[in-house]
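Here the structure is laid out as structure tokens; the discussion comes afterwards.
In this note's numbering, the protein residues as written are 59 to 202.
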């Protein structure tokens with residue numbers, strides 16, 4: 059065994075290079091998938107995008123906007139913050155590639171103080187009852 063792992067040392071090394079790796083990954087995503095990058099405008103859409111990636115709080119509950127703004131302030135989350143003024147609205151802005159690059163440059167998918175990536179639940183869109191069951195017969199009869 060070459061030696062014991064030192065998590066503090068790994069975190070420090072990771073933190074020292076995360077901005078460069080995030081920029082390189084963002085550039086790679088933009089070059090490889092230029093037509094897939096989309097602007098995400100507004101609180102609800104940014105939270106929905108993170109939820110679609112199965113990013114949750116550490117306890118598994120959905121993220122709140124306050125958590126996302128804390129990530130921006132403390133962890134360089136790619137977010138152009140918006141402003142609400144009496145006469146105009148300037149919603150927050152980000153992009154799919156920027157968020158993906160930021161997520162992929164974290165140390166793990168269970169980041170301490172940040173987030174957890176949950177496993178998607180398998181939901182059958184049409185149900186999983188056999189076609190010859192009574193419930194399927196009733197559903198087909200009701201549809202007709």
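Don't be surprised by glycine CBs; every beta carbon is placed ideally from N, CA and C.
This structure is a prediction, so every number in the text was calculated from the model and none was measured.
Pop quiz: residue 107 and residue 98 are said to be a contact at Cβ under 8 Å. What is the actual Cβ separation, rounded to whole angstroms? 5 Å
Can the beta-carbon of residue 101 be found less than 7 Å from the beta-carbon of residue 123? yes
According to the neighbour-count rule (16 or more other Cβ atoms, all chains shown, within 10 Å of its Cβ), is residue 152 buried or exposed? buried
Count Cβ pairs between the stretch 156-166 and the stretch 69-82 that sit closer than 8 Å; are there 3 or more? yes
So the candidates are 158, 138, 172, 179; which of them puts its Cα closest to the Cα of residue 82? 158
In whole angstroms, give me the CA-to-CA distance for residue 59 and residue 66. With a pLDDT of 43 at residue 59, under the threshold of 50, the modelled position of this residue cannot be trusted; read the value that follows with caution. Taking the straight line from one Cα to the other gives about 19 Å.
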